[in-house]
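Asker:
Residue numbers (the numbering used here), protein chains in the order written: chain A, 370 to 646; chain B, 47 to 353.
1. Going by beta carbon distance, what residues of the same chain come within less than 6 Å of residue 238 of chain B, once the five residues before and after it are set aside?
2. Please identify the residue among B/59, B/72, B/101 whose C-alpha is closest to the C-alpha of residue 602 of chain A.
3. Within a Cβ cutoff of 7 Å, which residues of the same chain sit near residue 156 of chain B, ignoring the five residues on either side of it in sequence?
4. Is the distance from the Cβ of residue 408 of chain A to the Cβ of residue 447 of chain A below 7 Å?
5. Residues in its own chain within less than 7 Å of residue 57 of chain B by CB, not counting five upstream and five downstream?
6. With residue 114 of chain B as the anchor, note down where its beta strand (DSSP E) starts and where it stops.
7. Any beta-carbon of chain B closer than 7 Å to the one on residue 598 of chain A?
8. Can you name the start and end residues of the beta strand (DSSP E) that residue 433 of chain A belongs to?
9. How would you list, in chain order, the residues of chain B whose beta-carbon sits under 7 Å from the beta-carbon of residue 593 of chain A?
10. Using the rule of at least 16 other Cβ atoms within 10 Å of the residue's Cβ for burial, across every protein chain shown, is residue 552 of chain A buried or exposed?
11. Decide yes or no for the touch test of the region 99-118 of chain B against the region 583-590 of chain A: beta carbon pairs closer than 8 Å, at least 3 of them.
12. Quick check on the DSSP output: the beta strand (DSSP E) that includes residue 9 of chain B runs from which residue to which?
13. Please list the residues of the region 411-439 of chain A that have a C-beta atom closer than 9 Å to any C-beta atom in chain B, keeping them in chain order.
14. Name the DSSP beta bridge partners of residue 561 of chain A, please?
15. Beta strand (DSSP E) containing residue 66 of chain B: first to last residue?
16. Helix or strand or just coil, what does DSSP make of residue 108 of chain B?
17. Between residue 448 of chain A and chain B, is the shortest Cβ-Cβ distance under 7 Å, so that the two count as touching?
18. Terminal residues of the continuous alpha helix (DSSP H) containing residue 75 of chain B?
19. Helix or strand or just coil, what does DSSP make of residue 128 of chain B?
20. Given this structure, state the Cα-to-Cα distance separating residue 230 of chain B from residue 195 of chain B, to the nearest angstrom.
21. Residue 189 of chain B lies in the beta strand (DSSP E); which residues open and close that run?
22. Please confirm whether residue 613 of chain A has its beta-carbon closer than 7 Å to some beta-carbon of chain B.
23. Using alpha carbons as the reference points, say which of B/288, B/263, B/306 lies closest to residue 279 of chain B.
24. Taking the alpha-carbon of residue 390 of chain A as reference, which of A/434, A/620, A/450 has the nearest alpha-carbon?
25. Kindly list the residues whose CB is nearer than 7 Å to the CB of residue 159 of chain B, restricted to its own chain and excluding five residues on each side of it in sequence; keep chain order.
26. Do the CB positions of residue 260 of chain B and residue 68 of chain B come within less than 7 Å of each other?
27. Would residue 504 of chain A and residue 478 of chain A qualify as a contact pair, given that the criterion is a beta-carbon distance under 7 Å?
28. Give a yes or no on whether the C-beta atoms belonging to residue 65 of chain B and residue 327 of chain B are separated by under 7 Å.
29. Give me, in chain order, the residues of the same chain whose beta-carbon lies closer than 7 Å to that of residue 348 of chain B; leave out the 5 immediate sequence neighbours on both sides.
30. For residue 72 of chain B, return the contacting residues in chain A, with the cut-off set at a CB-CB distance below 9 Å.
31. From this set, A/375, A/376, A/564, A/468, which residue's C-alpha is nearest residue 582 of chain A's C-alpha?
So this is what it looks like as structure tokens:
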């Protein structure tokens, strides 16, 4: 069991839990996640995976990891009700991380909604490695942008888009992405957010001839590579076939070019139909 | 604290722990070995393997339900040859009994998988007959005594190790299916597989899993599983049974043993608590010693039923 050091609201929409977990914090890399067990009775059993927002390895007491989330159901509601000093059951760090580029210098972080979370940790590590970092956050509305003030501090250029125009560009990330890439001289893109957004971001990145590392979100059963719930369809290296690989331990970060995005199109078309059709 | 004996006899296999793993909930043990010492488990029942690799179903593959987990994975696995070349050599080094779970869509496929396992260093085979039978309008093998019998006898001809038939609870007469499996040569029974179930997102009117229907696991199905173990044990008191379905703690294990289980498998709980195999074992020891019961095996089938 770990201990909650702090619970704060991050803007109007998000909760942040800072957890004392020295071993996890020391080992964690950007893009990895932790799996938290909500303190519920047996009505909701499964852990909830959260990418790591930030680690603090310089604390007075012990190193901490911080996660940011919004309330989506009973599990996250139970976590959002937790107070400082309460014990919390945490497993991590899990998964393959983003990789820091060896040769490229200019890095653009593209985050959709709460998907921006792991990009803060990544941005700090990129800066520590001497890279240029720019940020582009999109969300439905201003209050759903994750930590915009800190994002401005992080990015040499920081831009926002909102679906309702309440902050930054009125529209989608993908409408301004090309312009950002040109303006910032972007050489690598890192993205996390809704799947369709990441598919479009990958497409645009490839048109510009730059790599995109994407952090996938999938529903997880175990989060430790056992249950085969969270698979992502990935092209094999020679492009001849698609394999369902585990998002939790073979991801969550993938090369965007290797993901078989078309596989999702049919499901998404069906989900877009209103009930009754 | 007085010593308690937690070892059990499972159809001739002497297991040092009564706790085994439920197929599909432990992969082949490698991932879990980061969390627990596999040697402390009675046996590892690996993820079901098929003749060729299976890609499984589309996502979403899982939906959380009240006290349960609905899954439609579609038996994604890398095939029996991968198991033999990669997983089994590693497992053998771990010094824990291995029970190979096998699956297929035809009797022939089951037989071919079993044939490849013939000389492998495994301790038993669990036959996962909760698979659609392509030769019988996609009905599950486990839903029909003839199909059950055909698969078990086909596997029986191929391997010399004990065979456990893993039965589905979604049948009218479980004892009839159990009888068919035993008559065909099963040494024991694994009870139960997941309960067929469905969950719909009312906002999108879409099923919550891409496979439309799936199998329910977790504490939601425990009473269904306990009743299955009880009924089958009453009918066939000398047959070893691996009981499973929603076990979360030591008291759940005791409940299955009282109903008639010889060993108890941990399934969904591994996802929630990867150390469950250790913690429950230690709690079982305490439970027994606090009640001055010397042996878990002595509690088998001891539920007090009148008449």
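Just so you know, even glycine gets a beta-carbon here, dropped at the ideal spot from N, CA and C. Owing to the predicted nature of the structure, the values given are computational and were not obtained by experimental measurement.
Answerer: Taking the structure as given:
1. Here residue 238 of chain B refers to the residue found at position 192 of the second chain. Closer than 6 Å at Cβ, skipping near neighbours: 215, 271, 274, 291.
2. One-based indexing of the first chain puts residue 602 of chain A at position 233. Nearest C-alpha to residue 602 of chain A: B/101.
3. Counting from 1 along the second chain, the entry for residue 156 of chain B is found at position 110. Same-chain partners within the cutoff: 148, 150, 173, 197, 200, 201.
4. Translated into the one-based positions of the first chain, residue 408 of chain A becomes position 39. Translated into the one-based positions of the first chain, residue 447 of chain A becomes position 78. Contact: yes.
5. For this step, residue 57 of chain B is matched to residue 11 along the second chain. Closer than 7 Å at Cβ, skipping near neighbours: 208, 233, 234, 286.
6. The residue labelled residue 114 of chain B in the question sits at position 68 within the second chain. It spans 114-117 - the beta strand (DSSP E) in which residue 114 of chain B sits, taken as one unbroken run.
7. Residue mapping note: residue 598 of chain A aligns to position 229 of the first chain, counting from 1. So, interface residue.
8. For the purposes of this step, residue 433 of chain A is taken as residue 64 along the first chain, with counting starting at 1. Segment 433-438, the beta strand (DSSP E) holding residue 433 of chain A.
9. Residue numbering aside, residue 593 of chain A sits at position 224 when the first chain is read from its first letter. 77, 320, listed in chain order.
10. Residue 552 of chain A sits at position 183 when you count from the first residue of the first chain. By the 10 Å Cβ count, residue 552 of chain A comes out exposed.
11. yes
12. Because chain B spans 47 through 353 in this model, residue 9 of chain B falls outside it and cannot be assessed.
13. 411, 412, 413, 414, 415, 416
14. Residue numbering aside, residue 561 of chain A sits at position 192 when the first chain is read from its first letter. Partner(s): A/480, A/584.
15. By one-based count along the second chain, residue 66 of chain B stands at place 20. Its beta strand (DSSP E) spans residues 65-67.
16. On the second chain, residue 108 of chain B is found 62 positions in, with the first residue counted as 1. DSSP places residue 108 of chain B in strand when its eight states are reduced to three.
17. Counting from 1 along the first chain, the entry for residue 448 of chain A is found at position 79. False, the Cβ-Cβ gap to chain B never drops below 7 Å.
18. Looking up residue 75 of chain B in the second chain gives position 29. Careful: residue 75 of chain B lies outside any alpha helix (DSSP H) and carries neither H nor E.
19. The residue you call residue 128 of chain B lines up with position 82 of the second chain. Reduced to three states, the DSSP call for residue 128 of chain B is helix.
20. Here residue 230 of chain B refers to the residue found at position 184 when the second chain is read from its first residue. Here residue 195 of chain B refers to the residue found at position 149 when the second chain is read from its first residue. Computed Cα separation, rounded: 5 Å.
21. Within the second chain, numbered from 1, the residue matching residue 189 of chain B stands at position 143. No beta strand (DSSP E) contains residue 189 of chain B, which DSSP labels as neither H nor E.
22. On the first chain, position 244 is the one that residue 613 of chain A refers to. Answer yes: the Cβ-Cβ gap between residue 613 of chain A and chain B drops below 7 Å somewhere.
23. Here residue 279 of chain B corresponds to residue number 233 of the second chain, with the count starting at 1. Per the Cα distances, B/306.
24. Looking up residue 390 of chain A in the first chain gives position 21. Ranking the options by Cα distance to residue 390 of chain A, first place goes to A/434.
25. In the second chain, counting from the first residue as 1, residue 159 of chain B sits at position 113. Closer than 7 Å at the Cβ level, and outside the excluded window around residue 159 of chain B, lie 95, 96, 97, 126, 148, 150.
26. The sequence position of residue 260 of chain B within the second chain is 214, counting from 1. The sequence position of residue 68 of chain B within the second chain is 22, counting from 1. It is not a contact, given that the beta carbons lie outside the stated cut-off.
27. Start at 1 with the first residue of the first chain, and residue 504 of chain A comes out as number 135. Start at 1 with the first residue of the first chain, and residue 478 of chain A comes out as number 109. Yes.
28. Here residue 65 of chain B is taken as the residue at index 19 of the second chain, counted from 1. Here residue 327 of chain B is taken as the residue at index 281 of the second chain, counted from 1. Their beta carbons are under 7 Å apart, which means residue 65 of chain B touches residue 327 of chain B by this criterion.
29. As a position in the second chain, residue 348 of chain B is number 302, starting the count at 1. Contacts found: 304.
30. In the second chain, counting from the first residue as 1, residue 72 of chain B sits at position 26. What residue 72 of chain B touches in chain A: 595.
31. Taking the first chain and counting its residues from 1, one reaches residue 582 of chain A at position 213. Taking only the C-alpha atoms, the option nearest residue 582 of chain A is A/468.
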